[in-house]
Amino acid sequence: MRDNAPYMIERIVAALTYLTMGMAGFVWLIIGLFTKARLKPFLQYHIFQSIFISLGFALLSIIVGLLSNVLSFIPLINKIVAQITFLLNMPLFFEYSLLQTIIYAFLIYLALTAFIGKYSYIPWVSDIIDQNISR
0 MRDNAPYMIE
10 RIVAALTYLT
20 MGMAGFVWLI
30 IGLFTKARLK
40 PFLQYHIFQS
50 IFISLGFALL
60 SIIVGLLSNV
70 LSFIPLINKI
80 VAQITFLLNM
90 PLFFEYSLLQ
100 TIIYAFLIYL
110 ALTAFIGKYS
120 YIPWVSDIID
130 QNISR
């Protein structure tokens, strides 16, 4: 076994942090703060990346919602926006919409890569996390 291979508990927490949209990682950070334990770079990377992605999803959702509301007041464009919104949100797979399916598939991919002990790479996001965490 390699010296820098993450422990099983670290891999489980890293995977859970993606599946809970950063909440498990946030709780782990709080526990680490109270116990004064230093997180290993593997766990830091995945926790911060999941929190960053969660905030990005929330911000993107707010922006798209506001943009959709503004565009709904413009004649003719409001019909196109309504059609796109309907197509992206109608149930397709097991009562999940296309958008939900893509998001869940992405989060499951990230959780699986974290669980097997790998560093997942997301362009731009992983670069920002890498610059702020020393491996």
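Each residue of the sequence shown is one higher than the one before, counting from 0 in numbering that gives the first Met the number 0. Every residue, glycine too, gets a C-beta built ideally from N, C-alpha and C. Keep in mind that this is a model prediction, so the values were computed, not measured.
In this structure, residue 113 sits near residue 17, with a CB-CB distance shorter than 8 Å.
Residue 44 and residue 98 have their C-alpha atoms some 26 Å from each other. Counting of Cβ neighbours within 10 angstroms places residue 10 among the buried residues, the total reaching 16 or more. Residue 96 is bridged by DSSP to 90.
Collapsing the DSSP output to three states places residue 20 in coil. For residue 117, the three-state secondary structure derived from DSSP is coil. In its chain, beyond the 5 residues on either side, no residue has a beta carbon closer than 6 Å to the beta carbon of residue 64. Residue burial annotation: residue 21 is buried, with at least 16 other C-beta atoms found within 10 angstroms of its C-beta.
With contacts defined as CB atoms closer than 8 Å, residue 13 and residue 42 qualify as a contacting pair.
Residue environment for residue 23: buried (at least 16 other C-beta atoms within 10 angstroms of its C-beta). Taking C-beta separations shorter than 8 Å and ignoring five residues to either side along the sequence, the partners of residue 95 in its chain run 103, following chain order.
Across the structure, residue 6 and residue 53 are spaced so that their CA atoms are roughly 25 Å apart. In this model, residue 109 and residue 125 are separated by some 12 Å (Cα to Cα). Contact check for residue 128 and residue 48: beta-carbon distance about 5 Å, within the 8 Å limit, so the pair qualifies.
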